[in-house]
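Heads up: the sequence shown begins at 54 in our numbering, then just goes up one per residue.
Read the structure below first, then the notes.
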Amino acid sequence: MVGMVWSASAAAQMTGFVVEVDTVFYGADTPTPDDTFDPEGVLDGYASFIVYAEFTNPTDVLSAVFADTGAGSSPMGIDAPCGCHNPVDADFAMNATNTTFFWDFLPLNQYDTFWTIGMLSGDASFDGTPGVVPSKVGDTEGNQAGANVCSHQVENGLLYVLPVLDVGTGTVVGPPNAIAGDDLRVEVARVTTCGDWSFSANCQVFVEGIQDQEQQWFIEEQSLNGAIEVSHPCLDYSSEDANVSGELTTCAGDNAEVGLEFLGSADVPSTSYDLYAFPDGFAFSDPEETILDFTDIDVVAETDVNSFSDVEPGDYAVLVLDDYGCMDTTRFTVVAPEPIEAMPSIGNQNSCFGEADASIVIPDSLLVGGTGDLTVTVLSPVGNPMGGGTFSDDGFELSGLVCLNGDGTYEVTTTDDNGCFRVDTVYVNCPEPIEWTVDWTNVVCAGASDGAIVAEASGGSGGELYLTNNQSAPVLLSAEADSLPLTASIGDLGPTLYQVWVYDALNCTSDTAFITVEEPAPLELIVGDVTNPSCGLDCDGSVDVTAIGGSGELTVGYFNQTSGTFFTDSLGLCAGEYIVTVTDTSAC
54 MVGMVWSASA AAQMTGFVVE VDTVFYGADT PTPDDTFDPE GVLDGYASFI
104 VYAEFTNPTD VLSAVFADTG AGSSPMGIDA PCGCHNPVDA DFAMNATNTT
154 FFWDFLPLNQ YDTFWTIGML SGDASFDGTP GVVPSKVGDT EGNQAGANVC
204 SHQVENGLLY VLPVLDVGTG TVVGPPNAIA GDDLRVEVAR VTTCGDWSFS
254 ANCQVFVEGI QDQEQQWFIE EQSLNGAIEV SHPCLDYSSE DANVSGELTT
304 CAGDNAEVGL EFLGSADVPS TSYDLYAFPD GFAFSDPEET ILDFTDIDVV
354 AETDVNSFSD VEPGDYAVLV LDDYGCMDTT RFTVVAPEPI EAMPSIGNQN
404 SCFGEADASI VIPDSLLVGG TGDLTVTVLS PVGNPMGGGT FSDDGFELSG
454 LVCLNGDGTY EVTTTDDNGC FRVDTVYVNC PEPIEWTVDW TNVVCAGASD
504 GAIVAEASGG SGGELYLTNN QSAPVLLSAE ADSLPLTASI GDLGPTLYQV
554 WVYDALNCTS DTAFITVEEP APLELIVGDV TNPSCGLDCD GSVDVTAIGG
604 SGELTVGYFN QTSGTFFTDS LGLCAGEYIV TVTDTSAC
């Protein structure tokens, strides 16, 4: 992460050095916890810096970093009094043995302290083209220089790369690690240290890659005292473990007010506190781990003070980050008591009119949750506390409950030692007698099934009434308006004797009525003598027809199929074949 920058400029193709904070180590398994880096926290408190040489042209080439005190230059060296992280101590500069391949096994080597020309690993490549590790001459050579990279001062030596020339133009086109490129800079050192430090170096540059345009850049162009001083920005971050308070809520459903002490750097501007929620639990099972993987985890709160309000129960981590990239973290779990799950129910109910034996029970298996012991209080329908409730190994029971003024609503409150409570409402049945009247309609036409039984009813218990008989499915009685009685009908009935009654939601029943649904006699036509017309075209024929059955007055009609003529009288008929129909007043 970028945290702090030291820079200067000069009126030349190389403008100077820039130092940036690359990574800050603030505990075990950083910079990211999923790379198993530094499980012992060896680098806790260290920061890794990268020193860049900056240029004005993308084609500028850094050919060497050097010191020649005999010719009047400043020495080349790093001075880190706190010491450096230097696992690859056989070499003063990046070499071909410190490759990314070995970082899987030796991850600490990634943050070795070394000089370089554009190579942060021994196998770095640039757009598919391998880089070239720098060569050494003079005081930069030898194990002594490598082992003392953070104190050794080179008086006569250099770090260099051989230029790669374009045959056609004669310009320097490589190696790629020495070319400024689009970002106009080349790495010259990585320094991983636990304190403030300084460095000095001089550079040889081929301006725009042209060997004849050589620039000698000296450190005095940037710093008159011949060294650049660099401060470790994270020395003051808190080394004390965070003290977390308020992570236990009083009641289930409450949120917490969480305070954090000793977390984050002191006296550092723009310190932010980000709260992360881990819905699937923490990334580590080790309870001592405090550095977590924040990848793909949402920030649920951001603040510039060390406290969070209205925090829901769950697993959280706090990431503290200041302007310099220094971090501090801690994790905590907001815990709420288990919710009270009393779940009272009716043990015995006043099912039908005249009963009064209702009871409230809470089984011991359902009398759980909360903090400490649970107590149960019951209020009557008029708000008075009820006595007589008993606790046993089976749970809680209160019996002998009746309705008061037609109201059977009882309020059950279960309370724990913290004063947290749960309120449930239990309804004791207040049965009323079922009062009802019944009527019916007969079958309209013989052989049909369009008879019906109609009832009006009130009373009962459970809020619903049903009409049924010994042959049909029950039908729910309903009201067309609040002021009307409940009504229902059962239709499609054939002629027979029915037993009819009304029952309620608790299966209490009314008296039984016996109803006979009747049907009219079937319609019949009796055709007697037929008198044909006297002549072929005369219409003086007749027929004797007798109609019986049905209901009400019967009407007989005569339809001449030959001529398509309809007659209402049996006299004055023309010759032809007739269909004779009979219809009663019910249109049967």
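Glycine is no exception: its CB is placed at the ideal position from the N, C-alpha and C atoms.
Would L546 and V570 qualify as a contact pair, given that the criterion is a beta-carbon distance under 7 Å?
In contact: L546 and V570 (Cβ atoms closer than 7 Å).
Name the residue from E300, Q524, N523, P286 whose alpha carbon lies nearest to the alpha carbon of M380.
P286
Quiz item: Residue range of the beta strand (DSSP E) that F259 falls in?
Solution: For F259, the uninterrupted beta strand (DSSP E) segment begins and ends at 255–259.
- [ ] Classify V435 as buried or exposed, calling it buried when 16 or more other Cβ atoms lie within 10 Å of its own Cβ.
- [x] exposed
Going by beta carbon distance, what residues of the same chain come within less than 6 Å of Y556, once the five residues before and after it are set aside? Same-chain partners within the cutoff: Y519, T562.
Can you tell me whether S418 is helix, strand or coil according to DSSP?
helix
Margin query: Let me make sure I understand the geometry here. Which of G123, D503, L559, G306 has the alpha-carbon closest to that of D363?
Written below: G306
- Of all the CB atoms in chain C, is at least one closer than 7 Å to the CB of G227? Although the question refers to chain C, the structure presented lacks it and comprises just one protein chain.
* Asked: Is it right to say V476 is buried, meaning 16 or more other beta carbons lie within 10 angstroms of its own, or is it exposed?
  -> exposed
From T638, Y611, L432, pick the residue whose C-alpha is nearest to that of E630; which is it?
Y611
Worksheet item: When you compare only the Cα positions, how much space is there between C203 and M67?
Response: 25 Å
inquiry  = Quick check: what's the CA-CA separation for G603 versus V609?
reply    = Roughly 12 Å between the two C-alpha positions.
Original post:
Should the region 486–496 be regarded as contacting the region 457–474, the criterion being three or more beta carbon pairs within less than 8 Å?
Top reply: no
Item to complete: Compare the Cα-Cα distances from N110 to each of E365, Q266, L218 and report the closest residue.
Response: Minimum Cα distance to N110 is reached at Q266.
Worksheet item: Name the DSSP beta bridge partners of L301, please?
Response: V388
Is E509 near T521, with beta carbons less than 7 Å apart? no
Q) Three-state secondary structure (DSSP) at A526? A) coil
Out of curiosity, what's the CA-to-CA distance linking P92 and H138?
16 Å
Simplified DSSP state of G69, which is helix, strand or coil
strand
How long is the line joining the alpha carbons of F155 and M147, rounded to whole angstroms?
Rounded to the nearest whole angstrom, the CA to CA distance from F155 to M147 is 14 Å.
CA-to-CA distance, E485 to F406, given in whole angstroms:
5 Å
_Sufficient close CB pairs (3 or more, under 8 Å) joining the region 259–279 to the region 72–79_ = no
- Message: Nearest by alpha-carbon distance to L211: which of N151, V118, T224 is it?
- Response: V118
So for F406, helix, strand or coil by DSSP? coil
query = Under three-state DSSP, which class holds L457?
reply = strand
- Have a look at F620, S452, T615, S616 and flag the residue whose alpha-carbon is nearest the alpha-carbon of S595. F620
Worksheet entry | Beta-carbon gap between G184 and P229 smaller than 7 Å | yes
- [ ] Please name the residue in A389, V352, E273, T383 whose C-alpha comes closest to that of V297.
- [x] T383
Relative to the alpha-carbon of T565, which residue among E572, W554, P573 has its alpha-carbon at the smallest distance? W554
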